[in-house]
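Report on one structure; see the data block that follows.
There are 2 protein chains.
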Amino acid sequence: MNHKNETILLAHGSGGKVMYELIHDIIAPATGMKVFNDSATIDLGAFEGHTIAFTTDSYVVSPIFFPGGDIGKLAVFGTVNDLAMVGAEPRCLSTGFIIEEGFPISDFIKVLESIREASEEAGVRIVTGDTKVVNKGKGDGIFINTSGIGLVREGINISPSNIKIDDRIIVSGTIGNHGVAVMAERNGLSFSPPVVSDTRPLNGILAKILDRYGTEIHALRDPTRGGLATTLKEMAIESSLCIEIYEEALPVNPQVAGACEILGIDPLYVANEGIFVAFVNGNVAESIIDILHGHPYGRDARIIGKVLDTPSEKVLLRTRLGGTRLVEMLPGEQLPRIC
Amino acid sequence: MNHKNETILLAHGSGGKVMYELIHDIIAPATGMKVFNDSATIDLGAFEGHTIAFTTDSYVVSPIFFPGGDIGKLAVFGTVNDLAMVGAEPRCLSTGFIIEEGFPISDFIKVLESIREASEEAGVRIVTGDTKVVNKGKGDGIFINTSGIGLVREGINISPSNIKIDDRIIVSGTIGNHGVAVMAERNGLSFSPPVVSDTRPLNGILAKILDRYGTEIHALRDPTRGGLATTLKEMAIESSLCIEIYEEALPVNPQVAGACEILGIDPLYVANEGIFVAFVNGNVAESIIDILHGHPYGRDARIIGKVLDTPSEKVLLRTRLGGTRLVEMLPGEQLPRIC
Numbered sequence: 005m006n007h008k009n010e011t012i013l014l015a016h017g018s019g020g021k022v023m024y025e026l027i028h029d030i031i032a033p034a035t036g037m038k039v040f041n042d043s044a045t046i047d048l049g050a051f052e053g054h055t056i057a058f059t060t061d062s063y064v065v066s067p068i069f070f071p072g073g074d075i076g077k078l079a080v081f082g083t084v085n086d087l088a089m090v091g092a093e094p095r096c097l098s099t100g101f102i103i104e105e106g107f108p109i110s111d112f113i114k115v116l117e118s119i120r121e122a123s124e125e126a127g128v129r130i131v132t133g134d135t136k137v138v139n140k141g142k143g144d145g146i147f148i149n150t151s152g153i154g155l156v157r158e159g160i161n162i163s164p165s166n167i168k169i170d171d172r173i174i175v176s177g178t179i180g181n182h183g184v185a186v187m188a189e190r191n192g193l194s195f196s197p198p199v200v201s202d203t204r205p206l207n208g209i210l211a212k213i214l215d216r217y218g219t220e221i222h223a224l225r226d227p228t229r230g231g232l233a234t235t236l237k238e239m240a241i242e243s244s245l246c247i248e249i250y251e252e253a254l255p256v257n258p259q260v261a262g263a264c265e266i267l268g269i270d271p272l273y274v275a276n277e278g279i280f281v282a283f284v285n286g287n288v289a290e291s292i293i294d295i296l297h298g299h300p301y302g303r304d305a306r307i308i309g310k311v312l313d314t315p316s317e318k319v320l321l322r323t324r325l326g327g328t329r330l331v332e333m334l335p336g337e338q339l340p341r342i343c
Numbered sequence: 005m006n007h008k009n010e011t012i013l014l015a016h017g018s019g020g021k022v023m024y025e026l027i028h029d030i031i032a033p034a035t036g037m038k039v040f041n042d043s044a045t046i047d048l049g050a051f052e053g054h055t056i057a058f059t060t061d062s063y064v065v066s067p068i069f070f071p072g073g074d075i076g077k078l079a080v081f082g083t084v085n086d087l088a089m090v091g092a093e094p095r096c097l098s099t100g101f102i103i104e105e106g107f108p109i110s111d112f113i114k115v116l117e118s119i120r121e122a123s124e125e126a127g128v129r130i131v132t133g134d135t136k137v138v139n140k141g142k143g144d145g146i147f148i149n150t151s152g153i154g155l156v157r158e159g160i161n162i163s164p165s166n167i168k169i170d171d172r173i174i175v176s177g178t179i180g181n182h183g184v185a186v187m188a189e190r191n192g193l194s195f196s197p198p199v200v201s202d203t204r205p206l207n208g209i210l211a212k213i214l215d216r217y218g219t220e221i222h223a224l225r226d227p228t229r230g231g232l233a234t235t236l237k238e239m240a241i242e243s244s245l246c247i248e249i250y251e252e253a254l255p256v257n258p259q260v261a262g263a264c265e266i267l268g269i270d271p272l273y274v275a276n277e278g279i280f281v282a283f284v285n286g287n288v289a290e291s292i293i294d295i296l297h298g299h300p301y302g303r304d305a306r307i308i309g310k311v312l313d314t315p316s317e318k319v320l321l322r323t324r325l326g327g328t329r330l331v332e333m334l335p336g337e338q339l340p341r342i343c
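Residue numbers (my numbering), protein chains in the order written: chain A, 5 to 343; chain B, 5 to 343.
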């Protein structure tokens with residue numbers, strides 16, 4: 005049966021025969037998943053750590069296809085990365101689709117194939133799922149929720165409350181790529197060379213540094229919505245310490261810097277999908293940078309600042325001109341539906 | 005700060021300051037949840053079984069408030085029930101909100117309070133969450149994804165492939181209540197006494213029979229979208245056996261039967277949210293019924309049929325008049341967005 009020229013119908017979410025066929029004829033073959041029960045059972049037999057990580061994210065990015073990625077990749081990698089940020093090895097994901105009536109099945113298949121590729125790259129299995137269909141005009145193509153389970157490494161303690169004075173702050177790559185790539189696609193802008201999203205999984209690169217320096221890595225976070233600025237401000241609040249960063253150390257791709265200048269936005273507030281911020285013991289910061297530079301996703305890693313005692317809960321930006329500016333959270337909305 | 009007369013803005017999904025305030029000022033107080041990290045870490049220390057259950061569902065019910073429940077209760081109990089159907093004790097849930105710009109914050113608070121009450125009733129903790137906002141006209145008020153983790157009891161094997169010839173089929177309550185209640189609300193119909201949704205958690209009542217007869221209970225499922233008919237047909241296919249049910253044994257509330265007659269729909273195809281179907285060893289079927297009758301959610305439990313060898317993958321309905329009719333899955337769509 006060829007569904008490629010068809011569109012999603014309300015009946016595809018009925019729970020009945022048409023939904024059964026969608027799952028068996030489209031979702032299962034495109035993703036390579038076996039058809040699953042409503043609940044998956046997962047054997048943690050070889051797992052001695054007793055602590056699992058659990059996360060959820062819904063993805064509503066618009067447009068769903070953009071340079072460097074699409075909503076399927078984003079949904080897999082975004083959730084994988086949230087698990088990685090608490091020091092967990094991501095294992096299983098769920099996928100929940102909310103599809104608008106009239107959505108082309110050919111686009112759905114592209115998204116499903118992208119989910120398969122992404123889960124293979126990240127080394128996770130999709131084990132359970134759900135499909136709902138809403139009336140035309142009550143959704144926007146497709147929204148995807150992915151939730152995930154990971155196994156937390158033993159002997160590590162990754163949390164903003166674990167940040168210490170004199171910790172060095174590392175960012176694993178250039179900032180602002182994802183937000184600028186989506187915004188460019190949305191507004192028909194083009195750059196040469198093009199700006200592509202950094203949508204990618206961070207569990208592999210993190211494993212390299214956690215395996216070696218697990219106890220020296222105090223906190224991790226991926227600066228997605230709200231950008232690096234908002235993430236750092238949250239971490240200053242949660243640690244009750246002061247974060248000092250150096251403008252000249254911030255890695256920004258020149259096309260992204262140019263686009264931000266034209267558009268009057270600050271790359272510190274633009275969303276990322278494939279970088280992390282790490283707060284690490286100053287003694288090992290340079291060694292960690294060396295490891296990161298040896299991984300394709302860490303070539304632009306930099307030490308961007310350090311942790312001070314006071315002023316508590318503040319983020320200070322030391323500017324290129326020698327001044328200091330307070331960094332606050334993103335105040336309003338800059339780029340809606342960036343992820 | 006009083007947000008009660010306000011509506012959701014795109015900035016509430018920005019990842020920045022306005023979202024931070026929504027989480028701290030609205031979501032945390034209304035739900036009693038602590039404000040969480042992107043990923044929760046869950047200690048399974050006391051858990052010796054090694055097998056967890058994992059499930060996901062998105063809820064897009066329209067309208068979001070209906071007799072007997074609302075989208076918040078549905079989101080908690082629906083996911084709790086999916087975990088219970090594989091013999092797991094539900095433990096943790098995630099909540100992912102996709103909110104349409106302009107949605108009243110007062111309604112959001114009602115839904116959050118409902119989530120809190122429901123999770124207390126079901127004995128689960130909400131441990132992680134996510135909030136996205138989509139532009140006005142690109143959603144429909146609020147959609148909620150809940151994913152859940154449970155711990156599978158040791159020594160049981162609940163699966164359609166475990167269904168055996170001569171198993172008795174038990175349904176735990178009257179069928180069709182949820183679908184008719186939502187449809188009535190949607191269409192401004194009223195019944196006296198009113199038909200209310202059966203939205204409720206099934207883990208407590210199931211624990212009663214699993215604790216006593218765990219190994220005699222071969223398969224479980226909650227007949228939601230597609231109704232009891234679709235669920236039985238799926239189980240006939242998955243077990244490669246034949247399911248025989250008796251029309252006169254099917255428990256249907258008289259108001260629901262009347263509504264279905266007027267509307268020309270068959271209660272066998274109407275969605276339920278608070279009943280389960282169990283395939284059990286014939287020797288203990290009556291004892292299980294006795295236990296169910298002692299629980300408030302099982303007063304209308306009945307043996308509705310049994311399992312035969314052939315014709316394989318078929319569901320046979322023995323009618324009141326002595327005839328036999330083949331029961332198929334719900335063919336098209338009957339009541340869109342029922343859950």
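Virtual Cβ for every residue (Gly too), placed ideally from N, Cα, C.
{"Check": "Cβ-heavy atom distance, B/Leu334 to the ligand MG, below 7 Å", "Outcome": "Ligands displayed in this structure: none; no statement on the ligand MG is therefore possible."}
{"Check": "Residue range of the unbroken beta strand (DSSP E) whose run includes B/Phe58", "Outcome": "Thr55 to Tyr63"}
{"Check": "C-beta neighbour in chain A for B/His299, strict 8 Å", "Outcome": "no"}
{"Check": "Backbone CA spacing between B/Asp29 and B/Lys114 [nearest angstrom]", "Outcome": "14 Å"}
{"Check": "Where B/Thr45 falls: helix, strand or coil (DSSP)", "Outcome": "strand"}
{"Check": "Validate contact between the stretch 78-97 of chain A and the stretch 148-159 of chain A using beta carbons, cut 8 Å, 3 pairs", "Outcome": "yes"}
{"Check": "CB of A/Ile75 within 8 Å of CB of A/Ile162, strictly", "Outcome": "no"}
{"Check": "C-beta contact flag for B/Phe283 and B/Ile167 at 8 Å", "Outcome": "yes"}
{"Check": "Span of the alpha helix (DSSP H), counted from its first residue to its last, around B/His297", "Outcome": "Ala289 to His297"}
{"Check": "For B/Phe283, the three-state DSSP class (helix, strand or coil)", "Outcome": "strand"}
{"Check": "Which of helix, strand or coil DSSP assigns to B/Ser98", "Outcome": "strand"}
{"Check": "Backbone secondary structure at A/Val131 - three-state DSSP", "Outcome": "strand"}
{"Check": "Extent of the continuous beta strand (DSSP E) to which B/Cys246 belongs", "Outcome": "Cys246 to Tyr250"}
{"Check": "CB contact below 8 Å: A/Leu116 versus chain B", "Outcome": "no"}
{"Check": "B/Glu93 (DSSP reduced to helix, strand or coil)", "Outcome": "strand"}
{"Check": "CB contact check: B/Ala79 to chain A, cutoff 8 Å", "Outcome": "no"}
{"Check": "CB contact flag (B/Val186, B/Leu26, <8 Å)", "Outcome": "no"}
{"Check": "Below-8 Å beta-carbon distance, A/Lys142 vs any chain B residue", "Outcome": "yes"}
{"Check": "Alpha helix (DSSP H) segment containing B/Arg216, residue limits", "Outcome": "Asn207 to Tyr217"}
{"Check": "For B/Asp74: DSSP bridge partner residues", "Outcome": "B/Phe69"}
{"Check": "Under 9 Å by beta carbon: chain B residues contacting A/Lys21", "Outcome": "Gly230, Thr234, Lys237, Glu332, Met333, Leu334, Pro335 and Gly336"}
{"Check": "Listed by chain order, chain A residues near B/Leu87 by CB distance under 8 Å", "Outcome": "Ser43"}
{"Check": "Residue nearest to A/Val128 in terms of C-alpha spacing, selected from A/Ile308, A/Pro205, A/Gly268 and A/Arg229", "Outcome": "A/Pro205"}
{"Check": "Pair within 8 Å by beta-carbon distance, A/Ser201 and A/Gly302", "Outcome": "no"}
{"Check": "Cβ-based contacts, 7 Å cut-off: residues of the stretch 145-162 of chain A near chain B", "Outcome": "Phe147, Asn149, Ser151, Ile153 and Val156"}
{"Check": "Integer-rounded CB distance, given that A/Asn276 should sit under 8 Å from A/Ile209", "Outcome": "At roughly 14 Å, the Cβ-Cβ gap does not stay under 8 Å, so A/Ile209 and A/Asn276 are not in contact."}
{"Check": "Contact set between B/Gly133 and chain A, taken where Cβ atoms lie within less than 9 Å", "Outcome": "Thr60"}
{"Check": "Neighbour-count burial assignment, A/Pro300, 16 or more Cβ in a 10 Å radius", "Outcome": "exposed"}
{"Check": "Nonlocal neighbours in the same chain, by C-beta distance under 6 Å from A/Leu272, ignoring five residues either side", "Outcome": "Gly231, Leu232 and Ala233"}
{"Check": "Nearest to B/Gly218 (by Cα), restricted to the options B/Leu267, B/Ala289 and B/Arg229", "Outcome": "B/Ala289"}
{"Check": "Contacts around B/Leu312, its chain only, beta-carbon distance under 6 Å, and the 5 residues preceding and following it disregarded", "Outcome": "Cys246 and Glu248"}
{"Check": "Member of A/Ala92, A/Asn139 and A/Lys136 whose CA lies at the smallest distance from the CA of A/Ala126", "Outcome": "A/Ala92"}
{"Check": "Cross-chain neighbours of B/Val281 in chain A, by beta carbon under 7 Å", "Outcome": "None at all; the shortest Cβ gap to chain A is about 13 Å."}
{"Check": "Under the three-state DSSP convention, the category B/Asn139 falls into", "Outcome": "coil"}
{"Check": "Minimum Cβ-Cβ distance from A/Arg341 to chain B less than 8 Å", "Outcome": "yes"}
{"Check": "Neighbour flag for A/Asn139 against chain B, beta carbons, 8 Å", "Outcome": "yes"}
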